[in-house]
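The numbering used here applies: residue 637 is where the sequence shown begins, and numbers increase by one. Using N, Cα and C, we set each Cβ at its ideal position, and we do this for glycine too. The structure under discussion appears below in the form of C-alpha cells.
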Amino acid sequence: MFDIDKWQEIFNTIEKNKLRTFLTGFSVAWGIFMLIILQGSGIGLQKGVENQFRSSATNAIWIWNGQTSKPYAGMKPGRNIQMTNEDYDYLSTRVDGIDHISSRYQLWSGNTISYNQQYGSFSIRGVHPDYGIVEKLTMVQGRFINEYDQKESRKSVVISTKVQEALFVHGEEPLDKYIKVNGIPFKVVGVFTDDDGRDDNMQVVYVALAAAQKVFGAGRDVQSIVVTVGDANADEAKEIEDNIKSKMASMHRYDPTDERAMFFWNSVEEFQRFKKLFASISMFIWVIGVGTIIAGVVGVSNIMMIVVKDRTKEIGIRKAIGATPGSIISLVLQEAILITGFAGYIGLVLGVGLLELISKQIDTPFFKQPEVNIQVAIGATVLLVVAGALAGFFPARRAAAIKPIEALRDE
637 MFDIDKWQEI FNTIEKNKLR TFLTGFSVAW GIFMLIILQG SGIGLQKGVE
687 NQFRSSATNA IWIWNGQTSK PYAGMKPGRN IQMTNEDYDY LSTRVDGIDH
737 ISSRYQLWSG NTISYNQQYG SFSIRGVHPD YGIVEKLTMV QGRFINEYDQ
787 KESRKSVVIS TKVQEALFVH GEEPLDKYIK VNGIPFKVVG VFTDDDGRDD
837 NMQVVYVALA AAQKVFGAGR DVQSIVVTVG DANADEAKEI EDNIKSKMAS
887 MHRYDPTDER AMFFWNSVEE FQRFKKLFAS ISMFIWVIGV GTIIAGVVGV
937 SNIMMIVVKD RTKEIGIRKA IGATPGSIIS LVLQEAILIT GFAGYIGLVL
987 GVGLLELISK QIDTPFFKQP EVNIQVAIGA TVLLVVAGAL AGFFPARRAA
1037 AIKPIEALRD E
C-alpha cells in the first residue's frame, strides 16, 4: 500500500539535503543526457553520409577521361585519353558482371532552355536509357530516355520538376510540348524528380546520347561511363573494376598501373568503407556513452554511501524505537530510486528535446535528422536507477544490521 508518511519523510529528507540531492540527480541526468546527444549525433552523421550514397546507385563503378602520367610503348606521358562510343560497346559485350551501363556527355553551363517566353539556364546531359536507374530518378510524368530515342537519335528531352516550374509557369502540361535546348526544338517525353533532393540533378535536362552528340558536335566522344554490378560484394566489384581497367588500358594503349590515365570510382568499395567507418564511430560512441554512464554510476554510488553514512545515527534511533531492518533499507532505497529516476527522466527529456531542436535547425548534406534509440536511453536510465539503488542497498543493509547502541555511538 502507498505509505503517505514514508513519502513525506523522504521528501523532507530531500529538502533538508538539497546539495546532496542535486549532486546525485545531476550525475544521473548528465550521464543520460550525454548518451542521448552522442548517440543521436552519430545517427545524424551516418544518415547524412548514407544520403549521399542514396542519391545514386551504391553498386556503381564510374570511369572518367584522364591524361597519362607514365610513358608506354614508346609514347611520352601527357597524352589525353578520350573515351568514345566504342568503349561503351566494348564494355557492354566484353565484361562479365555488368548489370546496367551508360555513357554520359554533358554541357555544364551557358545553356539556354526555353518555352514560349520563359527561359532558364540548365545543364544538358546526353545519356543512355540505363542512366535513370543509376541516378535513381523518379518519373512523375511520362518516361525516361529509351532505346528508340538512342537508336534513332530522336530529339526527345526529359526535364526535372524544377525545369518544369521555370518554363511552364501557367500550369500547362509539359508532355509532348516542344522546348528549345540551345535553340534546337526537343520534345518533352517525361518529367522526373530526385527523391533525395540533390540540386545538381534537378538543374538538368536529359537527352539521348546519340542526339546530344549530333546536335552539339561531340562526334562519338563521351566524358564518362558508369556501370552497375548488381549484387556484387566489395571483392567481386573490385575484380570487375580491375577487369575494366585492364581492358581500357589495352584499348587506349597506356600503362595499366597509370592511375591518372583514367579515373575510376568504385561506389561499392566506398560504401563498404563508410559502413566500416560508421561501425567504428558507433563503437566509439558506445564506449564514450558507457563511460559516461559508469561515471554517473560511480557518482551515484559515492553519494549514496555518504547518505547512508550520514544517516547511521538516524538508523540507530529508528531501530531503538522498533523499526525493522527491512523498513530502514526500503526507506533508503525508495529515496535513491526517486532521485535517480526523476533525474534520469529529466536527462532523457532534455537530450531528446535538444536533438529535436537540432534536427529542425541543422539539415546539411552530411548531417540529417539526428535521432536516438529510445529503448536504449530508457534502458540506460533504468540501469542508473538500479545502480543507485544497489549503491545504497549494501551500506544500508550493513547499517541496519548494527545494534542500535552502536549506531547511536557512530560519529
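Problem set entry | Own chain residues within Cβ distance below 6 angstroms of R715, not counting five before or after | Walking along the sequence shown from the start, residue 715 turns up at place 79. Excluding residues within five positions, the ones whose Cβ falls inside 6 angstroms are T704.
For this session: Could you tell me how far apart the beta carbons of V793 and V770 are, in whole angstroms, since I believe they sit closer than 8 angstroms?
Result: Counted from its first residue, the sequence shown places residue 793 at position 157. Counted from its first residue, the sequence shown places residue 770 at position 134. Not confirmed; about 19 angstroms, so no contact.
Problem set entry | Pairwise C-alpha distance: F910 and L990 | Your numbering for residue 990 matches position 354 in the sequence shown. Your numbering for residue 910 matches position 274 in the sequence shown. Going from the Cα of L990 to the Cα of F910 covers about 27 angstroms.
Problem set entry | K1039, DSSP secondary structure in three states | Walking along the sequence shown from the start, residue 1039 turns up at place 403. The answer is coil: DSSP assigns K1039 none of H, G, I, E or B.
Exercise. Would you say Q786 and V827 are within 8 angstroms of each other, going by their C-beta atoms?
Worked result: In the sequence shown, counting from the first residue as 1, residue 786 sits at position 150. In the sequence shown, counting from the first residue as 1, residue 827 sits at position 191. Their beta carbons are not under 8 angstroms apart, which means Q786 does not touch V827 by this criterion.
Problem set entry | V904 to K881 span [Cα, whole Å] | Walking along the sequence shown from the start, residue 904 turns up at place 268. Walking along the sequence shown from the start, residue 881 turns up at place 245. V904 and K881: Cα-Cα distance of roughly 16 angstroms.
Exercise. Given W744, which residues of its chain have a CB within under 8 angstroms of its CB, disregarding the five upstream and five downstream residues?
Worked result: Taking the sequence shown and counting its residues from 1, one reaches residue 744 at position 108. S759.
For this session: Note down, in chain order, each residue of its chain lying with its Cβ closer than 6 angstroms to the Cβ of A885, except the 5 sequence neighbours on either side.
Result: As a working mapping, residue 885 is identified with position 249 in the sequence shown. P892.
Exercise. Beta carbon of E877, beta carbon of I697: below 8 angstroms?
Worked result: The count along the sequence shown starts at 1 and reaches residue 877 at position 241. The count along the sequence shown starts at 1 and reaches residue 697 at position 61. Against a cut-off of 8 angstroms, the Cβ pair of I697 and E877 comes out as a contact.
Exercise. Rounded to whole angstroms, how far is the Cβ of L811 from the Cβ of G756, which I believe are closer than 8 angstroms?
Worked result: As a first step, residue 811 must be located in the sequence shown, where it is residue number 175. As a first step, residue 756 must be located in the sequence shown, where it is residue number 120. Not confirmed; about 18 angstroms, so no contact.
Problem set entry | Range covered by the beta strand (DSSP E) that runs through T829 | As a position in the sequence shown, residue 829 is number 193, starting the count at 1. Its beta strand (DSSP E) spans residues 820-829.
For this session: Report yes or no: is there a C-beta of chain B within less than 8 angstroms of the C-beta of F910?
Result: The structure shown contains no chain B; it is built from a single protein chain.
Problem set entry | Contact under 8 angstroms by Cβ, Q839 with K798 | Here residue 839 is taken as the residue at index 203 of the sequence shown, counted from 1. Here residue 798 is taken as the residue at index 162 of the sequence shown, counted from 1. Closer than 8 angstroms, so yes.
Exercise. Going by beta carbon distance, what residues of the same chain come within less than 7 angstroms of T829, once the five residues before and after it are set aside?
Worked result: Here residue 829 is taken as the residue at index 193 of the sequence shown, counted from 1. For T829, where only same-chain residues beyond five positions count, the Cβ hits under 7 angstroms are T774, V776, S796, T797.
For this session: Taking Y784 as part of the alpha helix (DSSP H), name the residues at either end of that continuous run.
Result: Residue numbering aside, residue 784 sits at position 148 when the sequence shown is read from its first letter. It spans 783-787 - the alpha helix (DSSP H) in which Y784 sits, taken as one unbroken run.
Exercise. Is DSSP giving K813 helix, strand or coil here?
Worked result: Within the sequence shown, the letter at position 177 stands for residue 813. If DSSP states are grouped into helix, strand and coil, K813 belongs with coil.
For this session: Please determine, among A931, N752, I964, the residue with the shortest C-alpha to C-alpha distance to R947.
Result: For the purposes of this step, residue 947 is taken as residue 311 along the sequence shown, with counting starting at 1. Looking at the Cα atoms, I964 is the closest of the given residues.
Problem set entry | Limits of the unbroken beta strand (DSSP E) element including G762 | Position 126 of the sequence shown holds residue 762. Segment 759-763, the beta strand (DSSP E) holding G762.
Problem set entry | Local Cβ density within 10 Å of A1037, reported as buried at 16 or more and exposed below that | Reading the sequence shown from its first residue, position 401 is the one you call residue 1037. That one is exposed.
For this session: Apply the 10 Å Cβ neighbour rule to T1017 and answer buried if 16 or more other Cβ atoms are within range, or exposed otherwise.
Result: Counted from its first residue, the sequence shown places residue 1017 at position 381. Buried, since its Cβ has 16 or more Cβ neighbours within 10 Å.
For this session: Could you have a look at N747 and say whether DSSP puts it in helix, strand or coil?
Result: As a working mapping, residue 747 is identified with position 111 in the sequence shown. Three-state DSSP puts N747 in coil, outside helix and strand.
Problem set entry | Pick from G855, D871, I924, S738 that is closest to Y842, judged by C-alpha positions | As a first step, residue 842 must be located in the sequence shown, where it is residue number 206. It is S738 whose Cα lies nearest to the Cα of Y842.
Exercise. Just how far apart, CA to CA, sit P707 and L845?
Worked result: As a position in the sequence shown, residue 707 is number 71, starting the count at 1. As a position in the sequence shown, residue 845 is number 209, starting the count at 1. For P707 and L845, the distance between alpha carbons rounds to 33 angstroms.
For this session: Along the beta strand (DSSP E) that carries V840, what are the first and last residues, could you check?
Result: Taking the sequence shown and counting its residues from 1, the one referred to as residue 840 is at position 204. Looking at the DSSP string, the run of the beta strand (DSSP E) that includes V840 is 840-844.
Exercise. Between D720 and R856, is the Cβ-Cβ spacing less than 8 angstroms?
Worked result: Working through the sequence shown from its first residue, we reach residue 720 at position 84. Working through the sequence shown from its first residue, we reach residue 856 at position 220. Correcting the residue type first, residue 720 is Thr in the shown sequence and not Asp. Yes.
Exercise. If we call anything under 8 angstroms between Cβ atoms a contact, is I699 one with S860?
Worked result: In the sequence shown, the residue the question calls residue 699 occupies position 63. In the sequence shown, the residue the question calls residue 860 occupies position 224. Yes.
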